Amino acid sequence: MNALRATFTLFAKECRLEFRTRELLTATVVFSLIIIVFFNFAFDPTPAEARRFGPGLLWIAFFFAGSLMVNPSFAREQTNDTLDALRMAPIPSFAVLSAKMLANLLFLSIAEAILVPVFSVFYNVSLVGILGRLIVVLVLGTVGLVTTGTVFSAISAHARMRELLLPVLLLPFLTPLLIAAVSTTISLFGDAQELDRTWIVFLIGFDVVFLTTSWLLSDFLAEG
Amino acid sequence: MASAAALSAANTGLGIRFDRIERRFGALVALRSLSLEIAPGEFVALLGHNGAGKTTLLRITAQLMRPSRGSVRFFAASAAREVPFTTVKGRTGLVGHSLLLYDELSAEENLTLFARLYALDKVGTRVTNALEACGLSSRATSQVRTFSRGMRQRLAIARALLHSPRLLLLDEPAAGLDRQGLEWLGAMLERLRGDGCTVIMSTHARNESLDLATRAIVLAGGRLQQDTGAVGDPRPLLQELRAES
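As you go down the protein sequences, you meet chains C and H in turn. Numbered by the numbering used here, the letters in the first sequence go through residues 2 to 225 in order. Numbered by the numbering used here, the letters in the second sequence go through residues 1335 to 1579 in order.
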């Protein structure tokens, strides 16, 4: 079967499973909202402080939301050993992985679409005039986050303490991505409201490297 | 080599040659230097006590596990016409200990998903026919998690047969089936045997479907203990084992 068709068939399955229960989306959105709202009340930042420290907080919220979201990607397949059924189907292993990445990308994007306006209101950071460029940064950062997260979800699926193991494994790998995403967002929220091209190139490079690596390792990762 | 086209054209079963395969799980040796050749169209009863290595052998055959040593080759029609692994993948059906079904999807959604992954034509008709055959038409839109054990097992068997496999691997397929389900399974296996599909079924000796077997193989401690061979009669051995159990 054509890899693209297989990917979209499996992507539709992932969406159907999630939208039927909405377990992941609800949990991650509520958790991230709590982080954003609590930090606002705890520090009560001025608009200048919010523009400086807000991006860090925003990306920490995205990181935790992402690690919660990718965790069950492969673990969910263990219930009835459905990964075995997928491995026996005449489809490329990367189709299984890429469908999960696309689904996680969609779910995390939905969470971000809720979190960013809430952040803007609570921290008094105007997004007028920078929204388009902010979306570019969010997309590049989120692609890197879900690509790496889905790969580590496959690696940690069989571990007994995978909920704990996944963020521990993930954070060191995502640190460069988070630094780049936070730095770009800070420059965007600054007075000049400019995108830092160096960090944007870094984010693109990170995404390309991890997507290629996941494609190369897909046979090994699908073995579970 | 590469007789994938021949396999389709002849609509034959797949033959398998295990050459001194061994499978280790740490210190545990599940299969020890097992050599065996199964011809296309054979119906093999795979027997043995718990831990004899039956499931490991089936998982290696399904390419879900690699042997630690030795090799597995697949062929069509004659041993000289090797079939590539990629072709074998789409021609193999498995009913395992687990259901290989999504609990949160309905019976119809599960079958439709796998029909699409196997790139089958007339997906809707195939799924409807499969649901009708396994007696689950009236529950087509119900989620699998609401099914009884027997209904789940029937759906798992329907899923494994959806793409008309040329090699069918069954690991305790009768588990959870009631009298009616067992009769349906027997009829299904009889039809598959008539179609020339290669079947390897691991089960206990009392299972009546084993009367269809053309060959019986007994594993013990990961080794081949008894084999009635491709031309031998498995019935005396099956009767002996039934009397013992």
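Just so it is clear, CB atoms sit at the ideal spot from N, CA and C, and this is done for glycine as well. Keep in mind it's a predicted model, so treat the numbers as computed, not measured.
Item: Straight-line Cα distance separating S1440(H) from S1543(H); Value: 29 Å
Item: Cβ of A28(C) within 9 Å of any chain H Cβ; Value: no
Item: Length of the line joining the Cα atoms of V1565(H) and R1549(H); Value: 8 Å
Item: Proximal residues to G145(C) (C-beta, below 7 Å), its chain only, five neighbours per side dropped; Value: L178, L204, F207, D208 and F211
Item: Coarse secondary structure for F1481(H), derived from DSSP in three states; Value: coil
Item: When Y1436(H), P1374(H), G1520(H) and V1457(H) are compared against C1468(H), the one with the closest alpha-carbon; Value: G1520(H)
Item: Own chain residues within Cβ distance below 7 Å of L1526(H), not counting five before or after; Value: L1502 and V1533
Item: Listed by chain order, chain C residues near K1423(H) by CB distance under 7 Å; Value: M89 and P91
Item: Under the three-state DSSP convention, the category L1410(H) falls into; Value: The amino acid occupying residue 1410(H) in the given sequence is Ala; Leu does not appear at that position. Strand at A1410(H).
Item: Beta-carbon contacts of A1340(H) that lie in its chain and below 7 Å, excluding the five residues immediately before and after; Value: The pLDDT assigned to A1340(H) is 47, lower than 50, so where the model puts this residue is not dependable, and the model offers no usable value.
Item: Contact set for A51(C): own chain, Cβ-Cβ below 7 Å, skip 5 residues either direction; Value: Y124, N125 and V126
Item: Rounded separation between G1430(H) and D1505(H) - CA only; Value: 5 Å
Item: Exposure of N3(C), with buried meaning 16 or more beta-carbon neighbours within 10 Å; Value: exposed
Item: Contact under 9 Å by Cβ, V137(C) with I201(C); Value: yes
Item: Limits of the unbroken beta strand (DSSP E) element including E1371(H); Value: L1362 to I1372
Item: Three-way DSSP call (helix, strand, coil) for R77(C) in this model; Value: helix
Item: Euclidean distance between Cα positions of L11(C) and P118(C); Value: 31 Å
Item: Closest residue to A1509(H) among M1522(H), M1485(H), G1530(H) and K1456(H) (Cα-Cα distance); Value: M1485(H)
Item: Nearest candidate by alpha-carbon position, reference A1547(H), set L1370(H), G1375(H) and R1358(H); Value: G1375(H)
Item: I1372(H), buried or exposed, once every other Cβ within 10 Å from all chains shown has been counted against 16; Value: buried
Item: K14(C): contacting residues in chain H (beta-carbon distance under 7 Å); Value: L1447
Item: For L1348(H) and V183(C), the rounded distance between their alpha carbons; Value: 56 Å
Item: Cα-Cα separation between D197(C) and L189(C), rounded to whole angstroms; Value: 8 Å
Item: G1424(H): first and last residue of the uninterrupted alpha helix (DSSP H) it sits in; Value: F1419 to R1425
Item: Close-in-space but distant-in-sequence residues of the same chain around L25(C) (CB under 8 Å, 5 per side omitted); Value: E19, L69, M70, P73 and F108
Item: Proximal residues of chain H, C-beta to C-beta of T8(C) below 9 Å; Value: Simply none; closest approach about 11 Å.
Item: Positions along the region 1362-1384 of chain H whose CB lies within less than 8 Å of some CB in chain C; Value: none
Item: Beta carbon proximity, R1493(H) to chain C, threshold 9 Å; Value: yes
Item: Proximity of L172(C) and S157(C) at Cβ, strictly below 9 Å; Value: no
Item: Assigned exposure category for R88(C) - 16 Cβ within 10 Å defines buried; Value: buried
Item: Separation of F1377(H) from R17(C), as counted between CA atoms; Value: 39 Å
Item: Extent of the continuous alpha helix (DSSP H) to which T186(C) belongs; Value: R163 to F190
Item: Neighbourhood of A1336(H) by C-beta, 7 Å cutoff - its chain only, sequence neighbours within 5 removed; Value: Bear in mind that a pLDDT of 42 at A1336(H), under 50, signals an unreliable position, so the model cannot answer this.
Item: Per-residue contacts from A223(C) into chain H (C-beta, under 9 Å); Value: Within chain H, no residue comes near A223(C); the closest Cβ sits about 11 Å away, beyond 9 Å.
Item: Within chain C, the residues that D1437(H) reaches when beta carbons sit closer than 8 Å; Value: T80 and N81
Item: Three-way DSSP call (helix, strand, coil) for T1475(H) in this model; Value: coil
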